[in-house]
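Novice: Structure incoming, see below.
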Amino acid sequence: MDSDPTIIIPCNTMGNDDMFRELCVRVEPGKGEEFIMAYYNEFQRLIPVQEAQPFAINMELAKRGACSTTFVNIMLQAVPTIFLFVFAFIGTFGLFMQNSERRVREFALRLAVGATPRKLLVFVMLESFVVTLLACVPGVLLSMFIYEYTLPEWTGVCITVLVMVMFSMLSTWYPAYRVTKVNPAVTLK
334 MDSDPTIIIP
344 CNTMGNDDMF
354 RELCVRVEPG
364 KGEEFIMAYY
374 NEFQRLIPVQ
384 EAQPFAINME
394 LAKRGACSTT
404 FVNIMLQAVP
414 TIFLFVFAFI
424 GTFGLFMQNS
434 ERRVREFALR
444 LAVGATPRKL
454 LVFVMLESFV
464 VTLLACVPGV
474 LLSMFIYEYT
484 LPEWTGVCIT
494 VLVMVMFSML
504 STWYPAYRVT
514 KVNPAVTLK
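Here the sequence shown stands for residues 334 to 522, numbered as in my numbering.
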């Protein structure tokens, strides 16, 4: 006659404080309900005191539930973040496009005086880079007075600054490219 698998937990291992104790058991597939019923019956037989309660849960279902909750939380954070990035990009792009159209005579004059299209592109991109960094520096300095940063938080700050610079460069590239295609003879008439 085979004996049933048994788990013996000494009382001194469990401790005597008012904390929950958790135990995970792997059960043969298809015997879960049978094991839970045997567990409840044995628990009631050995510990008839009402202060302790048995609780059994299928860990696969618990994992699936926890993962789906985590996924939903990530999506609830990701969707507004994506919209924020898209609208920030559109706003920055529009700002640089308007700025380049307003200064088209200046850029045409630079081309007429001898600047190459490549140098003009680099000039406009560099101008955007400097403006972005000038916007980042006060923000980072002010946040240093509000928050106490640790190393992982500094990593986050650096990544944020890099994302801002990347957005700035992406939103500046097309207006800068259009500026290089300006015909100085037509624009300066």
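Even for Gly, the Cβ is constructed at its ideal location relative to N, Cα and C.
Bear in mind that the values here come from a model prediction, so they are computed numbers and not experimental data.
Per DSSP, what kind of secondary structure is residue 521 in: helix, strand or coil?
Specialist: As a position in the sequence shown, residue 521 is number 188, starting the count at 1. Residue 521: coil per DSSP, three-state reduction.
Novice: Using 8 Å as the cut-off, can you tell me whether the region 435-442 makes contact with the region 502-516, which would need three or more C-beta pairs spanning the two stretches below that distance?
Specialist: Yes, since at least three Cβ pairs between the region 435-442 and the region 502-516 fall closer than 8 Å, the two stretches touch.
Novice: Could you say which of 419, 370, 427 lies nearest to residue 505 if we only look at CA atoms?
Specialist: In the sequence shown, residue 505 corresponds to position 172, counting from 1. Of 419, 370, 427, the residue nearest in Cα terms is 427.
Novice: Three-state secondary structure (DSSP) at residue 391?
Specialist: For the purposes of this step, residue 391 is identified with residue 58 of the sequence shown, where counting begins at 1. It is coil, neither helix nor strand.
Novice: I need the DSSP call for residue 363, collapsed to helix, strand or coil.
Specialist: In the sequence shown, counting from the first residue as 1, residue 363 sits at position 30. Note: residue 363 maps to coil in three-state DSSP.
Novice: Less than 8 Å between the CB atoms is what I'm expecting for residue 445 and residue 521, so what's the real figure, rounded?
Specialist: For the purposes of this step, residue 445 is identified with residue 112 of the sequence shown, where counting begins at 1. For the purposes of this step, residue 521 is identified with residue 188 of the sequence shown, where counting begins at 1. Right, their Cβ atoms sit about 6 Å apart.
Novice: Between the Cα of residue 430 and the Cα atoms of 452, 457, 477, which residue gives the shortest distance?
Specialist: Stepping through the sequence shown from its first residue, residue 430 is reached at position 97. Of the listed residues, the one whose Cα sits closest to residue 430 is 457.
Novice: Can you grab the Cα-Cα spacing for the pair residue 517 / residue 432, in whole Å?
Specialist: Position 184 of the sequence shown holds residue 517. Position 99 of the sequence shown holds residue 432. Approximately 18 Å between the Cα atoms of the pair.
Novice: Should the region 484-492 be called in touch with the region 452-467, which here means at least 3 C-beta pairs below 8 Å?
Specialist: Short answer: they don't touch.
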